[in-house]
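Protein chains in written order, with this note's numbering: chain A, 1 to 155; chain B, 156 to 811. Backbone N, C-alpha and C fix where the C-beta goes; we use that ideal spot for every residue, glycine too. As the structure is a prediction and not an experimental result, all values here were calculated from the model.
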Amino acid sequence: MTPIRKRRLGKIFLLVCGVSTALGLALTALQENINLFFTPSQIIAGEVPEGIFIRAGGLVEKGSLVRTTDSLELQFSITDGDRNILVKYKGILPDLFREGQGVVALGKLNQDKVLQADQILAKHDENYMPPEAAHALKEASAANQLTKPLEDNGK
Amino acid sequence: MIPELGLLSLILALCIAVMQAIIPLLGAAYKDPQWMGLAKSASWGQLTFITFSFACLGYSLLTDDFSVAYVAHNSNSLLPWYYKFSAIWAAHEGSLLLWVWILSFWMTAVSLSGKQLPESMLARVLAVMSMISIGFLLLLIITSNPFSRLLLNTPVEGQDLNPLLQHIGLIFHPPILYTGYVGFSVVFAFAIAALLDGRLDGAWARWSRPWTLTAWAFLGMGITLGSWWAYAELGWGSWWFWDPVENASFMPWLVGAALIHSLVATEKRGTFKSWTVLMAIATFSLSLLGTFLVRSGVLTSVHAFAADPARGVFVLTFLLLVIGGSLTLFAVRAPTLKSHIGFGLLSRETLLLVNNVLLTVAAGTILLGTLYPLILDALIGTKLSVGPPYFNFMFVPTMALLMIAVAIGVLTKWKDTSFNKLKHLLTPILFISFFLAAVVAMLQQRLNLAAVSCVLLASIVILAGVRDIFDKTRHRGLLKGIAGLGRSYWSMQLAHLGFVVCAVGAVLATIGSSEREARMVPGSAIELEGYYFQFEGTRQSQGPNYISDLGLVKVLRDGQEVAVLHPEKRIYPTRQSVMTEAGIQAGFIRDYFVALGEPLGGGAWAVRVQIKPFVRWIWFGALMMALGGLMAASDGRYRMLSRLRSFGSRAFGTQS
């Protein structure tokens, strides 16, 4: 092998090593940081292992929001029309959080199947809306929308 | 009538685009100067008709013509005129129009710079750009017509512009961002034209460098604006979310950064020829992907996107044609691009290669994290999201390595650098930097490794830059030498410094931020890091198309008032939507940030207060990088802008 080829082979070898290390790391990190989405029905059916971070979504049940008077702790339940689960959260709710609207909560389940949420996402705008909430929202809002044009305005 | 004229004008532009995509290519193949020359006038034709169409949409928006569906969905008669106009690019159809409009500007600009290009090259470049234009015009006309009407049930009032978009950010962010996205089509067209021509020499790189730098700078400014907008408007005080929308613009920026570096190697040394072409294709493909990710609705719902046969299929086909077509051409032509120029293991070429690998890996991991949920959802219907920890875990170490590469890269020479020379240059830098890092570590009450390594790396990069200035001027003396270093050298220094400033800002803002949420009644105060945030209550106020609760929060330290903030809670009646407008006092060292949550009755509010150290540095650094790019693009060596200017003033004095 000529020295040039040898060097070229060395470079290719380094490149392959680097790329595969990066890819391996990326896939591992990806596996550890995905948050699966579950509906209330799936949660009640016991499909969710305890203690892992999940996303749960549905509509906020009307009249279920209960606040405490002295702190920002609150709870509400979310429903998919069939089953519902209780969500506990401490902090400020997003602007578009409303009873009867779609919401996605990020957090962990405890033994009583209560979701202790770290973050609540409501429909913020088309760009910042989690796709899961969109589905729930679409069905929920279909009734009270203004005259919907033939085509989606697709933002 | 006006909307119909707008559509007609788009169709005429399409006819011209088809002509411009075919005839100049034939002209270049048969060496017919007239056929090649057609490309220039056709570019002007496209610019004229698309501008007219753009103006038509603007007119419909400004005159509240709610019979136009796009206007009805994105505007309202109460909206201030500047938001009415900006609504042109607030949604899918109008954004595409903005895209193709900007493309026609870039095409015309390239045609003006034509004097220094061989005629066949110019003809091919403009033809390739016109092919992209055809794709977008077809998309506009067939599936996303911004002028379609609601004649049967014309609403009396529009649905209003999304309140989140009613911010000065909307006016500037999309046009600047798109100028960047679309600008990469120039280097892409150059790459394809050179592949068609079969000649990829240094000249190709020299012609396309200023274009690429300009596009990259604009994209950077656009992203910066977007980040600042999210920080100011979303009310969370976060400046980067690793949201697909953000990633979509960040990926072409990263690969674009790799491209401008590999173009340097190709121009100056004739190395990395195939790689540079590949990067040019990748950058533009990611720009296209970014446009569609954000604007096609695929993020909102994969299924709705895939189910809309016209738009979804069109977009996927277009992407496939552009990426597949250019890669096929590359595969056919690449074997002829052998470069026989070797370089040593320790040389600037190697460091630029390292830079390219790191930036590509960074973009690749972001691409993986962004597309993974979409692909999984489309294939097997599993719904999941990839959290920010993934992106941080992958991105931050890559950037740390990149900083080391920057420091060494600046100090190395083309072709070969002796190890001893490099050691001689680097030793004092490393010594001082480790000393500084140790001092910082000692000063900290609680050791924070991120902060210490950040200081270490920042200091290494900055000192390496300074050291290089001294090294470069050692023969002529510092003062004389500095004057002779040239604009592109200084622009490189500026951009690298910007990178450091941005990185330091990002690290310090992330680890140093503190935040508290509390229930506050008027007159009460909460403490955060020695600052007292005193809530003085809210009062009602009336905006043009909203009602708001305007709060007043005073920030005190040791009894002294350091800031007065006006957080706001707005209600936009048209969409019944609520918006939080954070009260922010910006500062060089820290930002004070207050957002109102919900009213809790009895004048009490849920309030979030934050102190964000060095957050401005992130945007300031990013702007320095962009400025560096623009400075390098205007380097006299290219004679691009100056010729463009003289030619432009001679032939098209009124327009330019």
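Take the Cβ of residue i as the centre, count every other Cβ of all protein chains shown within 10 Å, and call the residue buried at 16 or more, exposed below.
{"i": "alanine 142 (chain A)", "result": "Residue confidence is low: alanine 142 (chain A) scores 46 on pLDDT, short of 50, so the model does not pin down where it sits. Its coordinate-derived value is still stated next. It is exposed - the Cβ of alanine 142 (chain A) has fewer than 16 other Cβ atoms within 10 Å."}
{"i": "isoleucine 666 (chain B)", "result": "exposed"}
{"i": "proline 490 (chain B)", "result": "exposed"}
{"i": "alanine 605 (chain B)", "result": "exposed"}
{"i": "glycine 758 (chain B)", "result": "exposed"}
{"i": "valine 593 (chain B)", "result": "For the sequence presented, residue 593 (chain B) should be read as alanine rather than valine. With fewer than 16 Cβ atoms within 10 Å of its Cβ, alanine 593 (chain B) is classed as exposed."}
{"i": "asparagine 813 (chain B)", "result": "Because chain B in this structure spans residues 156 to 811, residue 813 (chain B) falls outside the shown range and cannot be described."}
{"i": "leucine 137 (chain A)", "result": "Since pLDDT at leucine 137 (chain A) reaches only 46, below the 50 mark, its modelled position is unreliable, and no value is offered."}
{"i": "leucine 307 (chain B)", "result": "exposed"}
{"i": "glutamate 126 (chain A)", "result": "Note on glutamate 126 (chain A): pLDDT 41, under 50, position unreliable in the model; the coordinate value appears next. So glutamate 126 (chain A) counts as buried."}
{"i": "proline 365 (chain B)", "result": "buried"}
{"i": "phenylalanine 574 (chain B)", "result": "exposed"}
{"i": "asparagine 110 (chain A)", "result": "exposed"}
{"i": "leucine 611 (chain B)", "result": "buried"}
{"i": "leucine 211 (chain B)", "result": "Looking at the sequence shown, residue 211 (chain B) is not leucine but cysteine. Answer is buried; the Cβ neighbour count reaches 16."}
{"i": "alanine 486 (chain B)", "result": "exposed"}
{"i": "valine 509 (chain B)", "result": "buried"}
{"i": "glutamine 600 (chain B)", "result": "exposed"}
{"i": "arginine 5 (chain A)", "result": "exposed"}
{"i": "valine 676 (chain B)", "result": "exposed"}
{"i": "aspartate 80 (chain A)", "result": "buried"}
Name, please, each residue of chain A whose Cβ falls closer than 9 Å to the Cβ of residue i.
{"i": "threonine 520 (chain B)", "result": "Ala22, Leu23, Leu25, Ala26, Ala29, Leu30"}
{"i": "leucine 523 (chain B)", "result": "Leu23, Ala26, Leu27, Leu30"}
From the DSSP output, which residues share a beta bridge with residue i?
{"i": "threonine 79 (chain A)", "result": "A:Leu59, A:Asn84"}
{"i": "isoleucine 530 (chain B)", "result": "Answer by DSSP bridge pairing: none, since isoleucine 530 (chain B) is not bridged."}
{"i": "glycine 107 (chain A)", "result": "A:Ile54, A:Ala117"}
{"i": "valine 749 (chain B)", "result": "B:Gly738, B:Val764"}
{"i": "threonine 203 (chain B)", "result": "Partner(s): none; threonine 203 (chain B) has no beta bridge."}
{"i": "tyrosine 727 (chain B)", "result": "B:Ser732"}
{"i": "phenylalanine 38 (chain A)", "result": "A:Ala56"}
{"i": "methionine 675 (chain B)", "result": "B:Trp760"}
{"i": "arginine 67 (chain A)", "result": "A:Leu74"}
{"i": "lysine 90 (chain A)", "result": "A:Glu73"}
{"i": "threonine 693 (chain B)", "result": "B:Gly706"}
{"i": "leucine 683 (chain B)", "result": "B:Tyr686"}
Give the interface partners of residue i over in chain B, defined as CB-CB distance under 9 Å, in chain order.
{"i": "phenylalanine 37 (chain A)", "result": "Thr537, Lys538, Leu539, Ser540"}
Under the criterion of a Cβ to heavy atom distance below 7 Å, does residue i qualify as lining the ligand NAD?
{"i": "serine 208 (chain B)", "result": "Among the components modelled here there is no ligand, and therefore nothing to report on the ligand NAD."}
Do residue j and residue i count as a contact pair if the criterion is CB distance below 8 Å?
{"i": "asparagine 33 (chain A)", "j": "glycine 290 (chain B)", "result": "no"}
{"i": "leucine 652 (chain B)", "j": "glycine 620 (chain B)", "result": "yes"}
{"i": "leucine 281 (chain B)", "j": "methionine 262 (chain B)", "result": "yes"}
{"i": "serine 208 (chain B)", "j": "glutamate 248 (chain B)", "result": "no"}
{"i": "tryptophan 397 (chain B)", "j": "glycine 324 (chain B)", "result": "no"}
{"i": "arginine 730 (chain B)", "j": "aspartate 315 (chain B)", "result": "yes"}
{"i": "leucine 93 (chain A)", "j": "glutamate 753 (chain B)", "result": "yes"}
{"i": "serine 696 (chain B)", "j": "alanine 787 (chain B)", "result": "no"}
Residues of chain A with CB closer than 7 Å to the CB of residue i, please, in chain order.
{"i": "serine 732 (chain B)", "result": "Leu96"}
{"i": "leucine 526 (chain B)", "result": "Under the 7 Å cutoff, chain A gives no residues; its nearest Cβ is about 11 Å from leucine 526 (chain B)."}
{"i": "alanine 761 (chain B)", "result": "Leu72, Ile92"}
{"i": "tyrosine 545 (chain B)", "result": "Ala29, Leu30, Asn33"}
{"i": "threonine 735 (chain B)", "result": "Asp95"}
How would you list, in chain order, the residues of chain A whose beta-carbon sits under 8 Å from the beta-carbon of residue i?
{"i": "phenylalanine 550 (chain B)", "result": "In chain order: nothing, as chain A lies at least about 10 Å away."}
{"i": "valine 516 (chain B)", "result": "Gly18, Val19, Ala22"}
{"i": "glutamate 753 (chain B)", "result": "Ile92, Leu93"}
Mind listing the chain B neighbours of residue i? Cutoff is C-beta to C-beta under 7 Å, in chain order.
{"i": "glycine 18 (chain A)", "result": "Val512"}
{"i": "serine 71 (chain A)", "result": "Arg674"}
{"i": "arginine 55 (chain A)", "result": "Ser540"}
{"i": "isoleucine 4 (chain A)", "result": "Gly497"}
What in chain C is Cβ-close to residue i, meaning under 7 Å?
{"i": "glycine 91 (chain A)", "result": "Looking at the structure shown, chain C is missing, and the protein chains on hand are A and B."}
For residue i, which residues in chain B fall below 8 Å Cβ to Cβ?
{"i": "leucine 15 (chain A)", "result": "Val512"}
Note to self: Is it the case that the segment 269–286 of chain B contacts the segment 169–187 of chain B, given that we only count it when at least three CB pairs across the two stretches are under 8 Å?
What the structure shows: yes
Notebook entry, point to check: With contact counted as at least three CB pairs below 8 Å, one residue from each stretch, are the segment 437–453 of chain B and the segment 228–239 of chain B in contact?
Noted result: no
Notebook entry, point to check: Is the number of C-beta pairs between the segment 330–339 of chain B and the segment 363–372 of chain B that are closer than 8 Å three or more?
Noted result: yes
Note to self: Three or more C-beta pairs under 8 Å: does that hold for the segment 759–774 of chain B against the segment 742–749 of chain B?
What the structure shows: yes
Item checked: Three or more C-beta pairs below 8 Å linking the segment 157–166 of chain B and the segment 196–208 of chain B -> yes
Item checked: Stretch pair the segment 241–256 of chain B + the segment 423–437 of chain B: three plus CB contacts closer than 8 Å -> no
Checklist line | Cβ pair count under 8 Å reaching 3, the segment 701–717 of chain B against the segment 683–690 of chain B | finding: yes
Note to self: Below 8 Å, how does it come out for the segment 194–204 of chain B and the segment 167–174 of chain B: are there three or more Cβ pairs, yes or no?
What the structure shows: yes
Check: Does the count of Cβ pairs from the segment 656–664 of chain B and the segment 625–644 of chain B closer than 8 Å reach three?
Finding: no
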